[in-house]
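Right, one structure below, let's go through it.
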Amino acid sequence: VISSSNSESVNLDSERQKQEAKTEQMFAYLQIMTASLESFAHGANDTANAIGPFAAVWFFWKDGYVSKEPIPVWALAMGGGAIVIGLATFGSRVMQTIGKKITKVNFTRGFSIEFSSAFSVVVASALGMPISTTHCQVGAVVGVGLVSKNEADKNEVNFKLFAGIVISWFITVPLAAVISGVLCWGLRPTVRT
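What follows is the structure, encoded as structure tokens:
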């Protein structure tokens, strides 16, 4: 025999689950828009970060100096193509880490993550600040995880993985600087100054 209060509780839980399912369905459609915005932001910033140095070298090779003329469309297309190739080869590993291993992501959380990340990247791009879309994505995922609670009322962030990601950021920037410096130093005899 189910008591009246238990019956009401079951009905409320059932109604809440129906509402949550409807909300998630709505955010599934909204996330298509935020994914498109995120793609735009990625192209506006990360492609520019990659193509900027290439364009400087190309203009110097072509004209003997770094021109302020617009970067050719073919160079931008090449950068976009390289992003697609990178996504197809190694992108799935990064997507698995960000999308599944830091915290649980559903459509509502995904919408929040993509909107905040894209907004941050677009604003930075408009200000001429070269930033990383991936860094913004990771920050947004951690933010969502911090405000989301599990059954034990603890946040849902895998801090061990997040710490490893942050450490990798601190390692890769100086590592790239060292490799670039050594490469440039080694190439000095072949380049006129």
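Sequential numbering from 12 applies to the sequence shown in the working numbering.
Note that CB positions come from ideal geometry on N, CA and C, so glycine has one too.
- In this model, CYS195 and LYS112 are separated by some 38 Å (Cα to Cα).
- In this structure, HIS53 is the residue among LEU172, HIS53, PRO141 with its C-alpha nearest to the C-alpha of GLY92.
- For the set ASN166, MET140, ALA174, the Cα lying nearest the Cα of VAL155 is the one of ASN166.
- DSSP assignment within the region 97-129 yields the following whole alpha helix (DSSP H) runs of 4 residues or more, N-terminal first: 103-107.
- The alpha-carbon separation between PHE181 and ALA187 amounts to approximately 11 Å.
- Taking 8 Å as the cut-off, the beta carbon of PHE118 is found no closer than this to the beta carbon of GLN28.
- Between ILE176 and ALA151, the gap from beta carbon to beta carbon reaches 8 Å or more.
- At a Cβ-Cβ threshold of 8 Å, VAL168 and THR114 count as neighbours.
- Counting C-beta atoms within 10 angstroms of its own C-beta, ARG104 has fewer than 16 neighbours from the protein chains shown and is therefore classed as exposed.
- Using a Cβ distance threshold of 8 Å, ASN56 and SER136 count as a contacting pair.
- Here the alpha carbon of LYS33 sits roughly 11 Å from the alpha carbon of GLU26.
- The beta-carbon distance between THR58 and ILE94, rounded to whole angstroms, is 6 Å. This is short enough to meet the 8 Å contact definition.
- Counted as a single uninterrupted DSSP element, the alpha helix (DSSP H) harbouring LEU198 occupies residues 170-198.
- Under the rule that a run must span 4 or more residues, the alpha helix (DSSP H) segments found entirely inside the region 14-75 read 15-53, 59-74.
- For the 8 Å CB-CB criterion, ALA66 and ALA88 do not form a contact.
- The closest CA to that of GLY97, considering only ALA61, ALA39, LYS73, VAL68, is found on ALA61.
- Taking C-beta atoms as the reference points, ALA129 and LEU198 fail to come closer than 8 Å.
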